[in-house]
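Take a look at the structure set out below.
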Amino acid sequence: HITITDYGKQSGAEEPPSEQEVKETLRGLTRAVGEARAGLPASVRQSARVTYRELLMNQNTVIAAGIPNEEWWKIREAVLEKCRERGLEVAGSWGAHTTVARFVQPQPVSPDLLRLLDQPIEWVSRPHKIVIGRFVVTPSAFTLIADATYVLTTPLGS
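Structure (structure tokens):
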């Protein structure tokens, strides 16, 4: 996945937002994404790609780090601009990744794992939708609660 913004992700916040504040924020984000999508040429939406060339690991997860192309950055910037126009204080995310493995328990680095991480990769994905939602992370699961979805183009291979 590629995170465009982690709106509302605050460290040290005194109180979590109320359910009403969450609903209003999600409505604003949904409208902003819809407006941004409507203003993007189909050629930009269809040409967006992310190339994955490197595996990274910590004790809990292996990810493939992604490098978005220029068209994806145009989509990202359009969404962030529309959010700001609606008064949503947003910051762009660090980039793109795909999760290869999520360990149930922390894993030590082993020679086999180091060999896996050293393997050359070149994967390409085409972002085909933007999902507005929330996520919940527990030790055993990552759950995405999708509040709205905007299709950019058909998935690769379709």
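Residues 99 to 256 (the working numbering) are what the sequence shown spells out, left to right.
Where a beta carbon is used, it is the ideal one built from N, C-alpha and C, also for glycine.
- For a cut-off of 8 Å, the C-beta gap from W170 to P225 is around 6 Å, short enough to register as a contact.
- Here DSSP, grouped into helix, strand and coil, assigns I100 to strand.
- Taking a cut-off of 8 Å on C-beta distances, the segment 190 to 207 touches the segment 154 to 165, as three or more cross pairs fall below it.
- The segment 132 to 147 makes contact with the segment 238 to 252, as at least three CB pairs between them are under 8 Å.
- DSSP places W170 inside the alpha helix (DSSP H), whose first and last residues are 168 to 183.
- In this structure the segment 234 to 251 does not touch the segment 178 to 195; the number of beta carbon pairs closer than 8 Å is below three.
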